[in-house]
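In what follows, a structure is listed as structure tokens, so that the remarks can point back to it.
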Amino acid sequence: MWVDAQSFLDVKYDREARGPRGPVTVQVKYSDYKDVEGLQIPFTIESGVAAAGKSDKLTIEKVSLNPPLDDGMFTRPGSPGRRNSVSVNAEVAPPTLPALTRPSP
Numbered sequence: 003m004w005v006d007a008q009s010f011l012d013v014k015y016d017r018e019a020r021g022p023r024g025p026v027t028v029q030v031k032y033s034d035y036k037d038v039e040g041l042q043i044p045f046t047i048e049s050g051v052a053a054a055g056k057s058d059k060l061t062i063e064k065v066s067l068n069p070p071l072d073d074g075m076f077t078r079p080g081s082p083g084r085r086n087s088v089s090v091n092a093e094v095a096p097p098t099l100p101a102l103t104r105p106s107p
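Residue numbers for the sequence shown follow the numbering used here, beginning at 3 and rising by one.
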């Protein structure tokens, strides 16, 4: 992990991940820190395989800490409708196969 010496904020870290061809080093970079209710939050996060030289960039537009949430967001969704059921006999017999015959020589 790399930490900025003046701000003490995380700047970058490397971690090992499993790729299709074996272990790879994934690099994650943090930037564009902004104050959100007294906390420094990175609004830009870039990550990608270090050796590939390509990365994905995540730009955060808004951060809300502990916003009020409606309890309805956490209830189970309703049933999609009545489901039909079918009774099945639990006794299963092996399939009957036709008798094998050999051709005459």
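Note that beta-carbon positions come from the ideal geometry of N, C-alpha and C, so glycine has one too. These numbers were taken from a predicted model, which means no experiment stands behind them.
**Message:** Among the candidates Gln29, Gln42, Glu63, whose CA atom is the shortest distance from the CA of Phe10?
**Reply:** The sequence position of residue 10 within the sequence shown is 8, counting from 1. Residue Gln42 is the option with its Cα nearest to Phe10.
**Prompt:** Alpha carbon to alpha carbon, how far is Val51 from Gly21?
**Reply:** Counted from its first residue, the sequence shown places residue 51 at position 49. Counted from its first residue, the sequence shown places residue 21 at position 19. Their backbone Cα atoms lie some 9 Å apart in a straight line.
**Asked** the ligand FAD heavy atoms versus the CB of Phe45: any closer than 6 Å?
**Response** No copy of the ligand FAD appears in this structure; indeed no ligand is present at all.
**Request:** Look at the Cβ atom of Lys31, then the Cβ atom of Lys59, and state whether they are nearer than 7 Å.
**Result:** Here residue 31 refers to the residue found at position 29 when the sequence shown is read from its first residue. Here residue 59 refers to the residue found at position 57 when the sequence shown is read from its first residue. Inclusion of Lys31 and Lys59 in the CB contact set at 7 Å is not warranted, their separation being larger than that value.
**Asked** So what does DSSP say about Phe76, is it helix, strand or coil?
**Response** In the sequence shown, residue 76 corresponds to position 74, counting from 1. DSSP, read as helix, strand or coil, puts Phe76 in helix.
**Through-space distance from Arg23 to Ser33, alpha-carbon basis** = Here residue 33 refers to the residue found at position 31 when the sequence shown is read from its first residue. Here residue 23 refers to the residue found at position 21 when the sequence shown is read from its first residue. Rounded to the nearest angstrom, the two C-alpha atoms are 30 Å apart.
**Message:** According to DSSP, is Ala172 part of a helix, a strand, or is it coil?
**Reply:** Past the edges of the chain, shown from 3 to 107, lies residue 172, and the structure says nothing about it.
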